[in-house]
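Peer 1:
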Amino acid sequence: MMGINNMLFNKQKLIILIAFLGIVPKSSHSTPKNDSISYKGMINFNNIDNHLGEMYIQYTTDDGFSSPGIGKQYFVYPQISDKGYFEFKLPNLNKPYKIGIVIKSSSKTTLFWQKYYTETGDNIFMDITLKDSSSVQFSGKGSEKFSLLEDLSSLYNEFYLKRIAIGLTSTASKLSSLAELNRKSDSLANLIREFKVRRNNLLNISSLNIKTRALLRYEFADYNSIWRANAEQLRRKYPNYCNQIYSNYYKYNKEFSDDLDEQVILCPNFISNLIFKMIFEASSCETKPNASLLYSKINSIPDTNLRDRLIGDFLLQKKLYLQVGNSDDLIRDSLLMNASNKVGNSVIKSEIVKRIRELQAVRGNQKIINAKFITLDGKDFDLSSLKGKVVLIDTWFLGCFGCLIFHEEFDKDIYPLFKDNEAFKLLSINISTKKEDWLEGISSGKYTSDSYINVNTGIGIGINHPFMKYYGIRSAPYFMLIDNTGKIVYIPQQFDKNEMIKKIKLALFDVQKETKVLENQ
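Sequential numbering from 2 applies to the sequence shown in this note's numbering.
1) Shortest alpha-carbon distance to Y416 belongs to which of K109, S450 and I369?
2) Which whole runs of the beta strand (DSSP E) in the region 379-413 are 3 residues long or more, in chain order?
3) Could you check the C-alpha separation between L331 and L217 for me, to the nearest Å?
4) Would you identify the three-state DSSP class for K289, choosing helix, strand or coil?
5) Can you tell me whether L295 is buried or exposed, with buried defined as 16 or more other CB within 10 angstroms of its CB?
6) With distances taken between CB atoms, is the gap from K426 to L377 smaller than 8 Å?
7) Report the residue from A424, I206 and L393 whose alpha carbon sits nearest the alpha carbon of F480.
8) State the DSSP-derived secondary structure class of N306, mapped to helix, strand or coil.
9) On the DSSP bridge list, what partners appear for I129?
10) So, at 7 Å on beta carbons, what are the nonlocal neighbours of R356 in its own chain, with the 5 sequence-adjacent residues on each side left out?
11) How about I432 and T396: are their beta carbons less than 8 Å apart?
12) Using DSSP bridges, identify the partner residues of P417.
13) In whole angstroms, give me the CA-to-CA distance for K27 and R184.
14) Just the Cα atoms here: how many angstroms apart are K105 and F113?
15) If I follow the unbroken alpha helix (DSSP H) through I432, where does it start and stop?
16) Give the DSSP-derived three-state secondary structure of G54 in the structure shown.
17) Just mark I165 as buried or exposed, buried being the case when its beta carbon has 16 or more other beta carbons within 10 Å.
18) Which of the three DSSP states, helix, strand or coil, is assigned to N346?
19) Relative to the alpha-carbon of G473, which residue among G379, C243 and I353 has its alpha-carbon at the smallest distance?
20) Would you mind reading off the limits of the alpha helix (DSSP H) that contains P92?
21) Quick one: Cα of Y453 to Cα of Y471, how far?
22) Can you tell me which of the three DSSP states K426 falls into?
23) Determine whether the Cβ of N346 lies closer than 8 Å to any Cβ atom of chain D.
24) Taking all protein chains shown into account, do 16 or more other C-beta atoms lie within 10 angstroms of the C-beta of K504, making it buried, or fewer, making it exposed?
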């Protein structure tokens, strides 16, 4: 996930990238069985203010097709010895795939966070140093691509500093004239050219095969996407210069466009940037692109694998779909229905069908099914006992970063608005399979609150609970708003604070109306 645009931030800030990734708990998915890929390593750590906590490796088996609420994430949690030694194995998927390696302190501070590609035959040793800043050295079979990625990252950090100096970033001083805009745009174009040459030199002198080099170039050294992102940023900041911004963009657009090959399917960040590029080029100074026309353009791509992937990301990633015009519910519903018949990729198709069912549940005002959960004292809790209340359901598990962010935002900005309203309840469903993880999460105060109704799916059950399986809930955080009649009125794909406040207020307003009617009878 750490594509070249995301590498604008230092490693500590990169932790935000895992928010709302649809992460699942440790034991929620069995790791695919196959000949394994081996990793060993040593962590050198001398920070007296902290102690090593946990290390985990995150990956997906579906070519990175994973974003808020979609796709499956798998985790491996190696044990770290007192001396910092660790080892773990990953499945052989017979193709390269991205992994994220995270190391946290005992106080949950992120000390190391990086993304790599791994593949068949890898037998890697990692020498990780965690002092004032993190560094890592690789050795063993397959290590060249890891070392090359570190070199590419260093090169991009140099590029970023020089880009800031040009003065076209969002924090730069305001442009004073069109002449300055043109001069600085040309300077950025020259900078991109320079660093693409240096990137290509690094790639070409390596002994890696062409496909592996292509993966690293697309996903971790995508300088071409900077040209589009810069133009988009300028268009928002300087609407009066919009026509000239587009003119400058198209001046070098052909030069800063990629020839695509089959490897792009394995590059989730590149796929997102490609869709953003299509959206930007279908836009104008006055309008956003039409959702239906953009979908048709994607649907006309002859490479069916690429087409399916672009359709899946466009329709299921809210950050992408909301960039287009006429993105209302009815149009999106029709596009999803069309895609469910067009898409051949089974993983993407199942996610589209799942989303259609969720939307149908809301549009059709489906009644929530009854389900039993477990309370802290081990008693059964019936969902039906909340009938007559407006209920926000939230799922979480220990270690879920998106869950941390939701609880912090909800507790600070949303819950105070409704906590004194007896008609509103928050049902906090923990999907951890171990009770000690549930208890630790509650006691930390980072995932839930004593003010909420805290329940668990059951020891050893997790997302295999009937309620989770019925609604296809495979990740956290997952939200569902139920009105006082038991109807599902809201299932957001991503957490949007303002939207959630609006939906809760609307549901409570309906309760108030019904109460007044009864009082007047």
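Ideal placement from N, C-alpha and C gives every residue a C-beta, glycine not left out.
Peer 2: This is what the structure holds:
1) It is S450.
2) List check, beta strand (DSSP E) in window: 381-383 and 391-397.
3) Near 39 Å, if we compare the C-alpha coordinates of L217 and L331.
4) Here K289 carries a coil assignment [DSSP, helix/strand/coil].
5) Residue burial annotation: L295 is buried, with at least 16 other C-beta atoms found within 10 angstroms of its C-beta.
6) Not a contact, by the Cβ cut-off of 8 Å.
7) The shortest C-alpha separation from F480 is found at L393.
8) Residue state, collapsed to three classes: helix.
9) DSSP lists I44 and V137 as partners of I129.
10) Correct list, in chain order: L317 and L337.
11) The Cβ atoms of I432 and T396 lie closer than 8 Å to each other.
12) Answer by DSSP bridge pairing: none, since P417 is not bridged.
13) Bear in mind that a pLDDT of 43 at K27, under 50, signals an unreliable position, so the model cannot answer this.
14) One C-alpha to the other measures close to 7 Å.
15) First-last for I432: undefined, no H or E at that position.
16) Strand at G54.
17) By the Cβ neighbour-count rule, I165 is exposed, with fewer than 16 other Cβ atoms within 10 Å of its own.
18) Correct three-state label for N346: coil.
19) Per the Cα distances, I353.
20) Looking at the DSSP string, P92 is not in any alpha helix (DSSP H); the run it does join, the beta strand (DSSP E), is Y86 to P92.
21) The straight-line gap from Cα to Cα measures roughly 24 Å.
22) Strand.
23) Going by chain labels, chain D is absent from the structure shown, which holds only one protein chain.
24) Counting Cβ neighbours within 10 Å, K504 comes out buried, since at least 16 surround it.
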